[in-house]
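Have a look at the structure below, then the notes.
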Amino acid sequence: MKGFTSYALKNLKSTGSIARSSKFLARNLAKQIPSDAKTVIELGAGDGIITRELLKYMPQQAHLTAYEISEELLPLLQKIEHPQFTLKHSSALDIVQDFAIDSVDCLVSCLPLALFPLEMKHELLTHIRSVLKPNGLFLQYQYWLSDKALIKEYFPHLKMNWVPLNLPPSFVYTGVKDAEKET
Ligand SMILES: C[S@@+](CC[C@H](N)C(=O)[O-])C[C@H]1O[C@@H](n2cnc3c(N)ncnc32)[C@H](O)[C@@H]1O
Numbered sequence: 001m002k003g004f005t006s007y008a009l010k011n012l013k014s015t016g017s018i019a020r021s022s023k024f025l026a027r028n029l030a031k032q033i034p035s036d037a038k039t040v041i042e043l044g045a046g047d048g049i050i051t052r053e054l055l056k057y058m059p060q061q062a063h064l065t066a067y068e069i070s071e072e073l074l075p076l077l078q079k080i081e082h083p084q085f086t087l088k089h090s091s092a093l094d095i096v097q098d099f100a101i102d103s104v105d106c107l108v109s110c111l112p113l114a115l116f117p118l119e120m121k122h123e124l125l126t127h128i129r130s131v132l133k134p135n136g137l138f139l140q141y142q143y144w145l146s147d148k149a150l151i152k153e154y155f156p157h158l159k160m161n162w163v164p165l166n167l168p169p170s171f172v173y174t175g176v177k178d179a180e181k182e183t
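Numbered according to UniProt numbering, the sequence shown spans residues 1 to 183.
Written as structure tokens, this is what we have:
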């Protein structure tokens, strides 16, 4: 396995990217993890560029579970040895089997949402909302705002920031699971 960039270029349909994320984007996401978080999930870990930053910034009591579907990228992720880390070689959709409803403090999605069929996007966002605790945090980055309206259906009070130092520059959505909205 050469590295994420050569993998990404050969597998654009599953990665949706031409390069690994920058440290700036990784840090932007990692710094948003709440200081009292205990359960953190990352979806679409790739080569672990964001995973490593999440582990660096998350609080000591937190545990990170990362999902990556690509078998080829696994050896890169398996190099991460950290007591607060679990790697799952399975689909992001499996979170509902692995985590109880209302049990996750923060979920960071690096998934190429724009490439997924609409039905899968709804399934995924439903699962994400369901495992998050009330007031739990959902973070997703995207290169253009194609899914903003859809994400707002699940996380109505959506905030956004922009990370120019990334290839391509990225928007970061930050949603909070509204305790009063039905799951
Ligand atoms: C845009 S890349 C992000 C990689 C890395 N986190 C980064 O930011 O550089 C998206 C990653 O999601 C993975 N992926 C795509 N569909 C997935 C799914 N259903 N479940 C888990 N991972 C998935 C891809 O294999 C790829 O590694």
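Beta carbons: idealized from backbone N, C-alpha and C, even for Gly. Quick caveat: nothing in here was measured; it's all calculated off a predicted structure.
Worksheet entry | 3-residue-minimum beta strand (DSSP E) runs that sit fully inside the UniProt domain "Methyltransferase" (40-136), ordered along the chain | 63-67, 85-88, 104-109
Practice prompt. Give a single yes or no on whether Arg52 has its beta carbon closer than 6 angstroms to a heavy atom of ligand 1.
Written response: If you number the sequence shown from 1, residue 52 lands on position 52. No, ligand 1 has no heavy atom inside 6 angstroms of this Cβ.
Item to complete: Grab the span of the alpha helix (DSSP H) containing Lys152 for me, first residue to last.
Response: Here residue 152 refers to the residue found at position 152 when the sequence shown is read from its first residue. Where Lys152 is concerned, the enclosing alpha helix (DSSP H) stretches over 148-154.
Worksheet item: Does ligand 1 have a heavy atom nearer than 6 angstroms to the CB of Cys106?
Response: Locating residue 106 in the sequence shown gives position 106, where the first residue counts as 1. No, since every heavy atom of ligand 1 falls outside the 6 angstroms radius drawn around the Cβ of Cys106.
Worksheet item: Taking the C-alpha atoms as reference points, what is the distance between Thr183 and Glu53?
Response: Taking the first residue of the sequence shown as 1, we reach residue 183 at position 183. Taking the first residue of the sequence shown as 1, we reach residue 53 at position 53. Confidence in Thr183 is poor, its pLDDT being 49 and thus under 50, which makes the residue's placement too unreliable to answer from.
Worksheet entry | Spatial neighbours of Gln61 in its chain, beta-carbon cut-off 7 angstroms, leaving aside the 5 residues before and after | As a working mapping, residue 61 is identified with position 61 in the sequence shown. Here the set comprises Lys38.
Worksheet item: Mind checking whether the beta-carbon of Glu153 lies closer than 6 angstroms to any heavy atom of ligand 1?
Response: The count along the sequence shown starts at 1 and reaches residue 153 at position 153. No, the Cβ of Glu153 stays beyond 6 angstroms of every heavy atom of ligand 1.
Worksheet entry | Nearest neighbour of Lys177, chosen from Val163, Ile101, Asp147, Pro112 [CA to CA] | Your numbering for residue 177 matches position 177 in the sequence shown. Checked all of Val163, Ile101, Asp147, Pro112; the closest Cα to Lys177 is Ile101.
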